[in-house]
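Quick notes on the structure that follows.
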Amino acid sequence: MKQFLVAALLGLSLTAQAQIGIGPVPQEPTPGTDAGNCISAADMTQIAKDFKQFASLSGKEYCHDGSQQAHLLAGIHYIRKVQFNQPMTNSSDELFKGTFAGDWYKYTTNLVKTFKIESSCPTGVIAFVYGFFHQNTMHVCPMALTPSFTPLDLASVFMHEARHIEGYPHVTCSQGPRAGLNGACDKKISDAGSYAVTVETYAQLGAYGKDIHPAHRALAQASSLIYAAEAFQTPVKINKEEAFLALTLDRELYQIDSNLKSAKLIGTTEKHGNFAKSKMGLIFLPEDKALPMVKIFPTGQTSPTSSEYNDNAATRSNVVDYYFAWTWNARIEKNKVKFFCDKRENPTQANEVSVGGALSVIYPEGYAPEKNYAYIKTTNGVVKISCEGSTGKVVAANNITVDADVKRVQKANSTLIGLTNDGDLLNLSNNSSRLDLGIGAVVDVTSFTRATFFDKQ
Ligand SMILES: [Zn+2]
113 MKQFLVAALL GLSLTAQAQI GIGPVPQEPT PGTDAGNCIS AADMTQIAKD
163 FKQFASLSGK EYCHDGSQQA HLLAGIHYIR KVQFNQPMTN SSDELFKGTF
213 AGDWYKYTTN LVKTFKIESS CPTGVIAFVY GFFHQNTMHV CPMALTPSFT
263 PLDLASVFMH EARHIEGYPH VTCSQGPRAG LNGACDKKIS DAGSYAVTVE
313 TYAQLGAYGK DIHPAHRALA QASSLIYAAE AFQTPVKINK EEAFLALTLD
363 RELYQIDSNL KSAKLIGTTE KHGNFAKSKM GLIFLPEDKA LPMVKIFPTG
413 QTSPTSSEYN DNAATRSNVV DYYFAWTWNA RIEKNKVKFF CDKRENPTQA
463 NEVSVGGALS VIYPEGYAPE KNYAYIKTTN GVVKISCEGS TGKVVAANNI
513 TVDADVKRVQ KANSTLIGLT NDGDLLNLSN NSSRLDLGIG AVVDVTSFTR
563 ATFFDKQ
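Start counting the sequence shown at 113; every next residue gets the next number (this note's numbering).
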């Protein structure tokens with residue numbers, strides 16, 4: 113990266129192919145979000161007034177044609193039109209302080225006068241500005257001008273870059289998944305720098321945005337949490353709650369609080385399948401291997417996702433599970449584990465290790481995507497899989513024993529539960545006692561984390 117590129121927004125979370133290593137579950141657009149959408153002649157006239165580069169488009173309706181310019185204009189149009197439900201109450205943690213809750217378009221137009229579409233950018237860079245106080249040009253990278261970036265994402269990007277123009281640079285990350293990356297962190301969220309803008313704008317969209325597609329709202333919430341977790345030297349305080357989610361034989365989804373007292377029906381799924389976890393939320397692997405892997409919300413709604421699994425339909429039949437960490441992935445097959453260990457570039461680089469009788473990923477320590485290891489249950493006991501030394505390895509996990517008939521282990525708060533081959537849930541924190549929640553046979557169980565701020569909305 114050029115040294116004078118001081119203010120790039122690294123797209124470590126929302127990008128597509130280029131960063132499959134660090135963002136193992138990149139987004140795909142929700143259908144119908146931009147292609148064919150039109151900006152009215154009146155709106156184009158106003159945009160052309162604020163950004164002279166669009167003068168030739170003034171007075172005419174502009175319809176999305178899939179071009180880079182169309183993506184850029186969709187972002188500009190979105191930030192002009194976005195509305196929020198009032199009042200926007202602050203969170204009781206550090207997630208949303210309303211610091212940037214004023215008029216987003218006005219803020220951007222005061223600081224940015226020109227958008228320049230770049231023909232190429234360093235890996236992972238979404239957009240950047242040069243220096244501070246002088247330049248009013250925002251350089252937008254090709255990656256940002258694809259369907260992977262919704263207008264909602266672009267609104268957040270514009271706000272982030274505008275903050276740089278006010279004089280807030282980044283620092284090199286000393287820890288976390290971005291460790292060593294130049295200019296990819298801010299010191300602390302209370303400094304109200306560009307990554308604070310990113311977290312707050314996504315949190316604001318996720319909590320208070322009007323007329324937002326439920327999938328986009330969920331992704332905005334996830335994005336605010338991911339940037340909060342990755343892009344600060346001092347950890348951001350966020351109040352969270354953990355719960356279990358069980359899928360039954362009847363394809364019903366039950367939320368089970370970590371005290372295991374009761375189960376609440378919160379949704380249904382169309383298919384049977386298994387859960388995996390990713391930093392962007394839950395992933396669903398349909399039992400029918402002809403179907404693609406999708407993102408799934410606890411209420412059962414799904415949205416597309418891109419993945420190595422979806423790209424390789426012919427080789428899916430032996431896949432039993434997936435593990436997605438922050439900086440590595442593992443594809444678990446019946447007789448081997450395929451590791452994708454490299455962190456950022458060359459995401460296709462992989463190595464395979466033979467494992468007899470692999471059954472499923474278990475989470476006896478909860479989901480810890482920042483760690484470089486995980487556990488899988490096999491017919492011969494539990495093994496530890498890891499990307500230590502940047503190469504996939506499998507070693508015996510002698511510290512973990514799981515009864516032969518338990519196929520899943522999940523943790524929420526400090527409670528461990530197990531799922532038996534017969535579809536029973538066991539309280540592993542209490543002598544493996546059988547849970548009687550009245551929900552019938554369980555097909556799979558997972559845990560999920562929610563920021564309490566988003567629960568209130
Ligand atoms: Zn930045």
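Glycine included, each C-beta is placed from N, C-alpha and C at the ideal position.
Notebook entry, point to check: Which of the three DSSP states, helix, strand or coil, is assigned to A486?
Noted result: strand
Checklist line | Unbroken alpha helix (DSSP H) run spanning K322, endpoints | finding: That residue, K322, is in no alpha helix (DSSP H); it is neither H nor E in DSSP.
Note to self: Please classify P263 as buried or exposed, where buried requires at least 16 other C-beta atoms within 10 Å of its C-beta.
What the structure shows: buried
Item checked: First and last residue of the uninterrupted alpha helix (DSSP H) at S268 -> P263 to I277
Check: Near D162, what residues of its chain come up, given a Cβ to Cβ distance below 6 Å and the 5 sequence neighbours on each side ignored?
Finding: T221
Check: Anyone know if the C-beta pair for L359 and V237 falls short of 8 Å?
Finding: no
Next item on the list: Consider the C-beta atom of S268 and the heavy atoms of ligand 1; say whether any pair is separated by less than 7 Å.
Entry: no
Check: Are the beta-carbon atoms of E230 and V252 separated by less than 8 Å?
Finding: yes
Notebook entry, point to check: Taking the DSSP output, what are the residues bridged to P281?
Noted result: Partner(s): none; P281 has no beta bridge.
Check: Among residues of its own chain, excluding the 5 on either side of F565, which ones have a beta-carbon nearer than 8 Å to its beta-carbon?
Finding: Excluding sequence neighbours, F565 sits near S203, S204, D205, L207, F208, A315, A319, I350 and N351.
Item checked: In DSSP terms, what G379 is bridged to -> L365
Margin query: Starting from Q522, trace the beta strand (DSSP E) in both directions and tell me its first and last residue.
Written below: Here the beta strand (DSSP E) through Q522 covers V518 to A524.
Checklist line | Host alpha helix (DSSP H) of H384 (start-end) | finding: H384 -> no alpha helix (DSSP H), and no H or E assigned at all.
Checklist line | Cβ-based burial, G133 [other Cβ within 10 Å; buried from 16] | finding: Summary for G133: the model assigns pLDDT 20, below 50, so the residue's position carries little reliability; its value from the coordinates is reported in the next sentence. By the neighbour-count rule (16 or more Cβ atoms within 10 Å), G133 is buried.
Checklist line | Coarse secondary structure for H183, derived from DSSP in three states | finding: helix
Notebook entry, point to check: Would N386 be called buried (16 or more neighbouring beta carbons within 10 Å of its own) or exposed?
Noted result: buried
Check: Three-state secondary structure (DSSP) at R329?
Finding: helix
Next item on the list: For N424, count neighbouring C-beta atoms within 10 Å of its own C-beta (all shown protein chains included) and say buried if the count is 16 or more, exposed if not.
Entry: N424 is exposed by the Cβ-count criterion.
Next item on the list: At 3 residues or longer, and completely inside the stretch 370 to 449: list those beta strand (DSSP E) runs for me, N to C.
Entry: 375 to 380, 385 to 390, 393 to 398, 406 to 408, 414 to 416, 431 to 436 and 441 to 445
Item checked: Proximal residues to Y307 (C-beta, below 8 Å), its chain only, five neighbours per side dropped -> H272, H282, C297, D298, I301, Y339, A343 and F344
Item checked: Inter-residue Cα distance where the pair is D155 and D362 -> 49 Å
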